[in-house]
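All remarks here apply to the structure that follows.
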Amino acid sequence: MLAHTMSSLRDHAHETRLCTFCPKLCRFSCPIDRVEHDEAVTPTGKQTALYLLDKGTLEWTADTASVFYKCTGCRIQQTFCDHRVDVTPVFRAAREETVRRGLEPAPIRDLRDRMARDGHPHGSDAIQMGAVVNRVLSIAPSPSDDIYFASCTALAKRPEAVVDFFRLVSTMGVRAPRLYAGPLLCCGMPLSDAGLESEFRVHAARIHSAIAAAPRIIVGDPDCASTLRDRYRDVGYDLSARIVTVVGYLWEHRDALKRCLKPRDTSIVFHDSCHLGRVFGLYDEPRDLARLAIEGDIHEPFHKRAAATCSGAGGLLPVTSPDTARGIANIAHHELREASGSAPIVGTCTSALAHLAASNPGAETHDLVSLLASALTASRRTP
Ligand code: SF4
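Residue numbers for the sequence shown follow the numbering used here, so the first one is 390 and each next one is one higher.
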């Protein structure tokens with residue numbers, strides 16, 4: 390375990406040197422720095438800390454290591470980096486080393502306990518899985534061998550969006566996938582983000598054994614899709630050829646979907662998900678799908694697509710630095726409001742939408758899937 394963790398940090402030595410001696414070309418884009426205005430939290434600052442720790446001129450302490458938890462994993466800096474450095478895996482490796490040294494912040498220990506107890510981070514009573522399964526079975530009683538992996542965040546915070554997916558599919562003349570309902574409801578991303586590598590490996594093994602037989606795995610949230618596709622492959626459980634984002638799946642069936650919808654005379658503002666955009670490269674597809682549901686404008690914030698502002702929900706920032714996470718959500722919300730007045734915010738990431746809404750009381754946020762379901766023709770609207 391030690392050898393693996395240490396080699397992870399060493400694997401990133403080149404990126405750490407590049408960032409340490411870079412004149413902070415991406416600094417302006419880093420959402421943490423946009424709120425905290427602190428040299429130490431910029432990509433350059435965090436990489437410099439790693440460089441000095443490696444040289445032995447800085448000591449590993451809980452205080453030193455806390456800076457590695459100041460990253461949402463949004464990857465926006467990569468958009469503006471001439472070297473295309475992705476700092477996310479570097480800081481994940483730094484978190485793994487932090488955990489190995491027993492220096493992780495208290496919220497990370499609490500997260501470890503909650504994941505061990507419930508299999509997801511939302512609390513014991515947060516997910517009413519039986520009720521969701523019953524509703525889905527009433528809509529799609531004869532599922533195919535494909536799996537729909539809803540995120541635990543959607544199950545806990547927006548179960549209606551999970552049901553809405555099945556309402557859409559059941560009207561498209563496509564055999565619906567089977568809703569995955571256990572034994573663990575979380576893909577394990579929080580463990581990976583926390584640097585709890587050994588716990589993540591165990592978790593990934595259990596999920597993998599439960600879903601690996603499915604021909605295709607349609608994943609509700611893009612951050613979970615990237616975990617199942619990329620992080621699982623990193624730890625030896627390769628599902629990458631079978632992972633499909635829900636946006637990719639609906640895009641594939643867009644002609645059938647179009648026949649089921651009657652566009653409504655309404656406008657929205659679109660918030661790009663960090664993972665759907667910067668990881669999966671899907672920018673036009675969610676907008677084109679939204680166009681099937683509305684006739685009004687699709688407003689765009691000033692920072693959009695590959696430059697889109699993070700919501701602040703990622704990388705466990707809401708548990709390790711809640712004030713900063715709220716500050717980032719306020720910036721993102723301000724940009725969305727500036728672009729659109731009061732138009733509802735539509736996106737594809739449950740964590741981002743829930744965090745934007747929680748940080749900005751009164752903000753109206755909708756999952757793209759629910760927007761589409763709201764445009765089902767009257768005869769098809771109610772299962
Ligand atoms: S990610 Fe690129 S632009 Fe940002 S500090 Fe590193 S080398 Fe510089």
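Even glycine gets a Cβ: it sits at the ideal position worked out from N, Cα and C.
Just tell me which of the options has its CA closest to the CA of residue i.
i: Phe-785; options: Thr-739, Glu-486 and Cys-408; result: Since the first and last residues shown for the chain are 390 and 772, residue 785 lies out of range.
i: Ala-762; options: Cys-699, Ile-683, Asn-749 and Glu-486; result: Ile-683
i: Tyr-569; options: Arg-556, Ala-583, Leu-544 and Asp-553; result: Leu-544
i: Leu-439; options: Glu-485, Ile-536, Pro-420 and Asp-499; result: Glu-485
i: Thr-634; options: Ala-429, Cys-613, Ala-483 and His-755; result: Cys-613
i: Glu-404; options: Asp-427, Ala-483 and Glu-448; result: Ala-483
i: Glu-724; options: His-744, Ser-710, Ser-700 and Asp-712; result: Ser-700
i: Met-504; options: Ile-536, Met-518, Gly-462 and Leu-574; result: Leu-574
i: Thr-453; options: Pro-711, Ala-429 and Arg-399; result: Ala-429
i: Val-456; options: Val-479, Val-474 and Gly-730; result: Val-479
i: Phe-669; options: Ala-451, Pro-412, Glu-448 and Cys-463; result: Cys-463
i: Lys-413; options: Asp-686, Asp-400, Gly-434 and Pro-690; result: Gly-434
i: Cys-460; options: Trp-640, Arg-490 and Cys-663; result: Cys-663
i: Trp-640; options: Ile-734, Asp-677 and Pro-652; result: Asp-677
i: Leu-398; options: Asp-502, Ala-696 and Leu-441; result: Leu-441
i: Leu-585; options: Asp-400, Glu-448 and Pro-494; result: Pro-494
i: Pro-675; options: Pro-652, Tyr-638 and Ala-696; result: Tyr-638
i: Leu-742; options: Lys-546, Glu-727, Thr-446 and Arg-618; result: Lys-546
Exposed or buried, residue i, counting other C-beta atoms within 10 Å across all chains shown (16 or more means buried)?
i: Pro-707; result: buried
i: His-509; result: buried
i: His-472; result: exposed
i: Asn-523; result: exposed
i: Ala-602; result: exposed
i: Gly-577; result: buried
i: Gln-436; result: buried
i: Ser-527; result: exposed
i: His-426; result: exposed
i: Ser-748; result: buried
i: Thr-487; result: buried
i: Val-758; result: buried
i: Ser-629; result: exposed
i: Pro-420; result: buried
i: Ala-529; result: buried
i: Phe-382; result: Residue 382 lies beyond the stretch modelled for the chain, which goes from 390 to 772, so this question has no answer here.
i: Phe-589; result: buried
i: Thr-698; result: buried
i: His-393; result: The predicted position of His-393 is uncertain, since its pLDDT is 41 and thus under 50; a value taken from the coordinates is nonetheless stated next. Classification for His-393: exposed.
i: Arg-490; result: exposed
i: Glu-448; result: exposed
i: Leu-760; result: buried
Between residue i and residue j, is the Cβ-Cβ spacing less than 8 Å?
i: His-592; j: Leu-580; result: yes
i: His-688; j: Ala-732; result: yes
i: Ile-720; j: Arg-481; result: no
i: Ser-418; j: Gln-466; result: yes
i: Asp-756; j: Ala-550; result: yes
i: Pro-611; j: Thr-737; result: yes
i: Ala-594; j: Pro-572; result: no
i: Val-563; j: Ala-645; result: yes
i: Ile-606; j: Arg-631; result: yes
i: Arg-620; j: Gly-666; result: no
i: Leu-650; j: Leu-492; result: no
i: Val-636; j: Leu-681; result: no
i: Val-474; j: Val-521; result: no
i: Phe-538; j: Val-608; result: yes
i: Ser-729; j: Val-658; result: yes
Only counting the same chain, and skipping five residues up and downstream in sequence, which positions put a Cβ closer than 6 Å to that of residue i?
i: Ile-497; result: Ala-583
i: Gly-716; result: Val-424
i: Ser-740; result: Thr-542 and Ala-702
i: Arg-567; result: Pro-532 and Ile-536
i: Gly-512; result: none
i: Ala-746; result: Ala-752 and Thr-754
i: Thr-507; result: One point to set straight first is that residue 507 is Asp, not Thr, in the sequence displayed. Hits under 6 Å: Ser-513.
i: Thr-771; result: Reliability of the predicted coordinates at Thr-771 is poor, the pLDDT of 44 falling under 50, and the value obtained from them is presented with this limitation in mind. Nothing listed; no residue qualifies.
i: Ile-734; result: Val-658, His-660, Leu-725 and Thr-754
Leaving aside the five residues before and after residue i along the sequence, list all residues of the same chain whose C-beta is less than 8 Å from its C-beta, in chain order.
i: Leu-705; result: Tyr-458, Pro-496, Ile-497, Leu-500, Pro-579, Asp-582 and Ala-583
i: Ala-402; result: Asp-443
i: Thr-616; result: Cys-576, Gly-577, Met-578 and Ser-581
i: His-744; result: Ser-700, Gly-701, Ala-702, Pro-707, Ala-714 and Ala-718
i: Thr-450; result: Leu-492
i: Asp-400; result: Ala-482
i: Glu-727; result: Pro-690 and Phe-691
Grab me the residues of residue i's own chain with a C-beta within less than 7 Å of its C-beta, minus the 5 sequence neighbours each way, in chain order.
i: Asp-534; result: Ala-603 and Pro-604
i: Cys-415; result: Pro-432, Gln-466, Phe-469 and Cys-470
i: Gly-685; result: Asp-654, Thr-655 and Ser-656
i: Pro-652; result: Leu-681, Ala-682, Ile-683, Glu-684 and Ala-764
i: Cys-411; result: Thr-433
So is the beta-carbon of residue i under 7 Å away from any non-hydrogen atom of the ligand GTP?
i: Phe-469; result: This structure lacks the ligand GTP; its bound ligands are the ligand SF4.
Three CB pairs or more closer than 8 Å across the stretch 616–624 and the stretch 555–564: Judged by pairs of C-beta atoms under 8 Å, the stretch 616–624 does not touch the stretch 555–564, as fewer than three such pairs exist.
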